[in-house]
Amino acid sequence: MTVTKVRNPQPTRRAFPVQALAFGLVAGLLSASAAAGAPNLQGHVPAMIAVAQAAAADPAKQVPGAVSVSAVDFKRGDGGAGKLILRFDGDGANPDLRTQGSNVIVNIGNASLPAALQRPLNVTDFATPVQRIDARQGGEGAQLVLSAQGNFESMAYQSGRDYVVEIVPRAAATSDRAVGASSPSAVTSSAQASATRAYSGRPVTFNFQDVPVRTVLQLIAEESNLNIVASDTVQGNVTLRLINVPWDQALDIVLQARQLDKRRSGNVVWVAPQAEIASFEKAKEDARLELEERAEMVTEYVPISYGNAEDIAKLLTEESKNSMGGGSQGGGGQGQESRGFLSRRGSLSFDRRTNTLLVIDIPQRVSEIKRLVTMLDKPVDQVVIEARIVIATESFARDIGARFGIQASKDRLGASGSIAGSRGNAGGAANDADPRVRPGRDLNFSAPVTTAGAGALALTILGNAIDWDLELSALQEEGRGEIVSNPRIVTSNQREAIIRQGQEVGYLTVTGGQSGNIPTVEFKDVLLELKVTPTITNDGRVFLAMELKKDEIFDFIDTGVGEVPQINKREITTAVLVEDGQTVSIGGVYEFRDRSDLRKVPFLGDLPILGNLFKNRGRDREKGELLIFVTPKVLRVAQRS
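Taking mature numbering (1 follows the signal peptide of the UniProt record, and there is no 0), I'd label the letters of the sequence shown as residues -36 to -1, 1 to 605.
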């Protein structure tokens, strides 16, 4: 870090001929340099100022111990900066700041430090570059050493009897800081307003002790190649030390130090006290309002092509008064405040039938409203939303089993597709011919088939006393299905669109009354519905807020009075950001069901090999998948000339 060190004695405020001669010499040198077009006074001006100050110094104030340090305070500033504040009990303190490695040393040759303040301060907890402050009294006056770490920059300024040293982290060195005001609250709002400003001026180095603010402004004008006009009320001196600070930041620091403000017009900057600039701008605004009050009113009809006249009228006036087929916006007397884009005497009406605005106001306001309407009344892009609902199912079923029975019968042999059929063909005829056979002498070891419609093969062996019945059944089913629904709709940007398709399914209900039960027909909606609101973003993507519903009849439930439909419902509500023309899956449900059944006769079904004659096995597997895809496409609409 390059340090420019200039020890400047405190100038006196007494009027001596030698002082006047010294300052006149410096002013002449400055004028000659400016006339010669010297581009950079950074290295020479502080030296000349130091000569002038040395010539004008008051020897009485150079005696050590002339003033005393009354308080030492440390605070955390904006952006992690550390602030050391020294307060003196009188005027005339002459602090000097220099940097040695990671230490910042403040020497006050003409000040004493009380014994109560001669102690080290540990300021690590403030989380600033400053870690420790050592305050001591030496033979040449008071000295304070700030031990810092990391990359930092040092600034110093004096306001009244307060001397402030600010250690700024280098990463935050470009942010604006509130420095140099006679009271901290005087510059708080200005510092906050420019806290996020990025300075880009050429770095400058200033080390001044009680220098007139006009001189500093002249130096900044030379560095920035700006024309600075200072008001006659810009007075006072400033003390500051700035090392490699952009000139535009240095200008803001000087203005804040003296409660000044600036207004720029092209290459000319006007500098004046804040109160004076505020008064000037208020007078200028009052004059403009006075001219508006006396200006002639004009009437204009503004047709609206794509928007709604009522909505635009509300937007421009921020109030609405509807009347019959049209409405009136604005109006009012002399004492009302300006509303929206209208003057205090202006009014704005709209006609719904012709979608036209009627503007009555001064010419400047009417022109501004017409310009705004031209910007607002534009065609809105449209969006095509295409959804695809896919319902895929896959099923597999298998059923294998046997039935076995015994019955008393005559010696006869028969066969059929089932035990009941076999007995009807064989045993039933024998019973009719032989009345000695008693009905009900059966023993049926059977495991019923779980799946209806299974193929069966039955065999009956008829003997003299016993009939043997055997039935084998087997079934295997496979099924695959796919349902695709593809709703599509077009809508304008930020306008909700709804499309529905389906039916109303009626069912009968019974309501009790005085005259008995009264049948009533109720209806349920079974719909495919898409509800969507698209928003086209500035980067060309589409934000969709959508609701999608897919219903279908699954079965009917018999209630004794009638059948009530059982409805499968599939619904999704979501908001998604999609690229223009991109297809994205916004949801899906996967279902899988696997079921195994085993029915058997106790004990007999557990026998090896033979136990299969007393068992029935079933296996049922189903897969179902629901997928929902959506594709938005933007339709650009060009405005006709």
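Note that CB positions come from ideal geometry on N, CA and C, so glycine has one too.
Since residue i is in the alpha helix (DSSP H), which residue starts that stretch and which ends it?
i, result
"phenylalanine 305", "Unbroken run through phenylalanine 305: none, as it is neither H nor E."
"threonine 179", "177 to 188"
"glutamine 220", "211 to 221"
"arginine 335", "327 to 340"
"isoleucine 276", "273 to 281"
"glutamine 238", "238 to 258"
Measuring only the C-alpha atoms, how far is residue i from residue j?
i, j, result
"valine 448", "phenylalanine 593", "11 Å"
"lysine 246", "arginine 227", "14 Å"
"alanine 80", "isoleucine 131", "25 Å"
"alanine -2", "glutamate 186", "Low confidence applies to alanine -2: its pLDDT is 40, below 50, so where it sits in the model is not reliable, and the reading given next is rough at best. The alpha-carbon atoms of alanine -2 and glutamate 186 are separated by roughly 11 Å."
"aspartate 503", "asparagine 67", "51 Å"
"valine 496", "aspartate 544", "16 Å"
"leucine 190", "glutamine 122", "27 Å"
"leucine 340", "glutamine 213", "40 Å"
"alanine 602", "phenylalanine 507", "21 Å"
"arginine 563", "aspartate 519", "28 Å"
"aspartate 275", "glutamine 458", "15 Å"
"leucine 312", "serine 188", "48 Å"
"proline 451", "threonine 501", "24 Å"
"leucine 224", "leucine 279", "39 Å"
"asparagine 532", "leucine 599", "35 Å"
"lysine 248", "valine 193", "19 Å"
"arginine 402", "glycine 365", "With a pLDDT of 44 at arginine 402, under the threshold of 50, the predicted position of this residue should be treated as unreliable, though the coordinate-derived value follows. So the two alpha carbons sit approximately 30 Å from each other."
"valine 348", "glutamate 442", "39 Å"
"threonine 595", "alanine 356", "20 Å"
"glutamine 546", "proline 498", "14 Å"
"aspartate 60", "leucine 108", "10 Å"
"glycine 296", "alanine 259", "The predicted position of glycine 296 is uncertain, since its pLDDT is 38 and thus under 50; a value taken from the coordinates is nonetheless stated next. The alpha-carbon atoms of glycine 296 and alanine 259 are separated by roughly 16 Å."
"threonine 338", "glutamate 493", "38 Å"
"valine 548", "isoleucine 521", "38 Å"
Using a 10 Å radius around the Cβ and a threshold of 16 neighbouring Cβ atoms, would you call residue i buried or exposed?
i, result
"serine 34", "exposed"
"arginine 134", "exposed"
"glutamine 440", "exposed"
"threonine 263", "exposed"
"valine 413", "Bear in mind that a pLDDT of 42 at valine 413, under 50, signals an unreliable position, so the number given afterwards is only what the model happens to contain. Classification of valine 413: buried, given that the 10 Å Cβ count is 16 or more."
"glutamate 265", "Here residue 265 turns out to be tyrosine, not glutamate, going by the sequence shown. By the 10 Å Cβ count, tyrosine 265 comes out exposed."
"methionine 119", "buried"
"arginine 222", "buried"
"phenylalanine 314", "buried"
"aspartate 433", "buried"
"tyrosine 270", "exposed"
"isoleucine 482", "exposed"
"valine 175", "buried"
"tyrosine 127", "buried"
"isoleucine 97", "buried"
"valine 485", "exposed"
"aspartate 325", "buried"
"glycine 124", "exposed"
"proline 267", "exposed"
"lysine 342", "exposed"
"isoleucine 353", "buried"
"valine 94", "buried"
"phenylalanine 52", "buried"
"lysine 47", "buried"
Quick test of your reading: residue i and residue j, contact by CB under 8 Å. State the CB separation rounded to the nearest angstrom.
i, j, result
"threonine 538", "glycine 551", "7 Å"
"glutamine 82", "glutamine 64", "About 21 Å; that fails the 8 Å criterion."
"alanine 99", "valine 36", "6 Å"
"alanine 273", "leucine 321", "5 Å"
"glutamate 256", "serine 331", "Incorrect: roughly 13 Å between the Cβ atoms, too far for contact."
"glutamate 460", "aspartate 489", "Not a contact, Cβ separation roughly 19 Å."
"glutamine 530", "threonine 455", "At roughly 34 Å, the Cβ-Cβ gap does not stay under 8 Å, so glutamine 530 and threonine 455 are not in contact."
Which two residues bound the contiguous beta strand (DSSP E) that contains residue i?
i, result
"glutamine 546", "First-last for glutamine 546: undefined, no H or E at that position."
"glutamate 264", "262 to 267"
"leucine 48", "46 to 52"
"valine 128", "126 to 133"
"asparagine 58", "Per DSSP, asparagine 58 belongs to no beta strand (DSSP E) and is neither H nor E."
"proline 596", "579 to 599"
"isoleucine 69", "67 to 72"
"arginine 40", "31 to 40"
"serine 229", "224 to 229"
"tyrosine 121", "116 to 123"
"proline 84", "84 to 86"
"leucine 110", "105 to 112"
"glycine 102", "94 to 102"
"phenylalanine 314", "311 to 315"
Report the residue ranges of all beta strand (DSSP E) runs contained in full by the segment 427 to 509; include only those spanning at least 3 residues, in chain order.
431 to 449, 452 to 456, 461 to 477, 480 to 500
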